[in-house]
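Chemist: So in the numbering used here, the last one in the sequence shown is 239, and the numbering has no gaps at all. Don't be surprised by glycine CBs; every beta carbon is placed ideally from N, CA and C. One structure follows; several queries about it will come next.
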Amino acid sequence: AAVVLNLGAGSGIYDRSFRDPAAFDSLLAAVRREIGGASSKRVELGRITLSAFSAGHGAVRAILREPRHFARVDAVLLLDGMHTSYVPEGKVLADGGSLDTTNLVAFLAFAQAAMRGEKRFLVTHSEIFPGTFASTTETADWLLESLGLHRTPVLAWGPRGMQQLSE
């Protein structure tokens with residue numbers, strides 16, 4: 073089964089919607105009810121994969137902050153959606169700012185679990201520079217550095233003129 077949620081603009085609405093761990097519990101219970109339909113048998117969910125594009129990463133981040141949910145989620149796919157703020161607010165890295173890593177630690181922990189073979193984790197990013205908050209390139213760089221990993225340069229052409237520059 074697939075569940076799609078569109079909650080609005082900006083990662084804050086997604087984060088706030090799942091900040092209370094009971095929200096994800098309720099969502100899973102609703103999915104079980106819908107799948108079970110009129111059956112009186114209890115439906116058990118299999119693997120859980122969370123996927124988010126752009127601002128939707130806020131929901132994934134909030135869900136992963138709860139240790140119980142972190143343990144239950146099998147895989148995460150972030151599509152150009154691992155953002156954070158600058159510290160101080162609005163001061164980009166090129167001007168001496170730094171990343172607010174408090175919004176990234178849940179993803180780092182999940183990536184570490186993936187490196188141990190316990191989870192699956194895939195992050196894609198563009199090279200768009202928003203200016204008012206950290207780009208997905210900057211957060212991916214932070215994640216790779218935190219994991220002791222390095223990019224391998226490639227040049228692969230994709231749809232609509234897109235290019236893959238590293239893996």
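What does DSSP give as the partner residues of R192 in its beta bridges?
Modeler: BP columns for R192 point to A147.
Chemist: L215 by DSSP, collapsed to three states: which one?
Modeler: Helix.
Chemist: Straight-line CA distance for P225 to F193?
Modeler: Each residue's alpha carbon lies about 20 Å from the other.
Chemist: With 16 as the cutoff for other CB atoms within 10 Å, does N78 come out buried or exposed?
Modeler: N78 should be labelled exposed.
Chemist: Name the residue from L176, A166 and L221 whose alpha carbon lies nearest to the alpha carbon of H129.
Modeler: Measuring from the Cα of H129, the nearest candidate turns out to be L176.
Chemist: Assuming S207 is part of the beta strand (DSSP E), what are its boundary residues?
Modeler: Run containing S207: none; DSSP gives neither H nor E here.
Chemist: Measuring straight from C-alpha to C-alpha, what distance separates A228 and T173?
Modeler: Their backbone Cα atoms lie some 31 Å apart in a straight line.
Chemist: Would you grab the beta carbon distance between V145 and I120 for me? Rounded to a whole angstrom, and I think it's under 8 Å.
Modeler: Contact flag correct, Cβ pair sits at about 5 Å.
Chemist: Can you list, in chain order, the residues of its chain with a C-beta nearer than 6 Å to that of R188? Leave out the 5 residues immediately preceding and following it.
Modeler: So the list is empty, once near-sequence residues are dropped.
Chemist: Out of S198, F96, D167 and E161, point me to the one whose CA is closest to H141's CA.
Modeler: H141 has its Cα closest to that of F96, out of S198, F96, D167 and E161.
Chemist: Quick check on T248: does DSSP put it in helix, strand or coil?
Modeler: In the structure as shown, the chain starts at 73 and stops at 239, and residue 248 therefore has no counterpart that could be examined.
Chemist: Leaving out five residues before and five after H222 in sequence, what residues of the same chain have Cβ atoms less than 8 Å from its Cβ?
Modeler: These residues qualify, in order along the chain: L216.
Chemist: Just to confirm before moving on: does the CB-CB distance between V159 and V148 stay below 8 Å?
Modeler: For V159 and V148, no; Cβs fall outside 8 Å.
Chemist: Terminal residues of the continuous beta strand (DSSP E) containing A124?
Modeler: T121 to F125 is the extent of the beta strand (DSSP E) around A124.
Chemist: Does the separation of the CB atoms of D87 and S126 fall below 8 Å?
Modeler: Their beta carbons are not under 8 Å apart, which means D87 does not touch S126 by this criterion.
Chemist: Would M154 and V195 be called neighbours here (beta carbons separated by less than 8 Å)?
Modeler: Taking 8 Å as the Cβ cut-off, M154 and V195 qualify as a contacting pair.
Chemist: So who's on the other strand from A228, going by DSSP bridges?
Modeler: For A228, which the question treats as bridged, DSSP gives the partners Q236.
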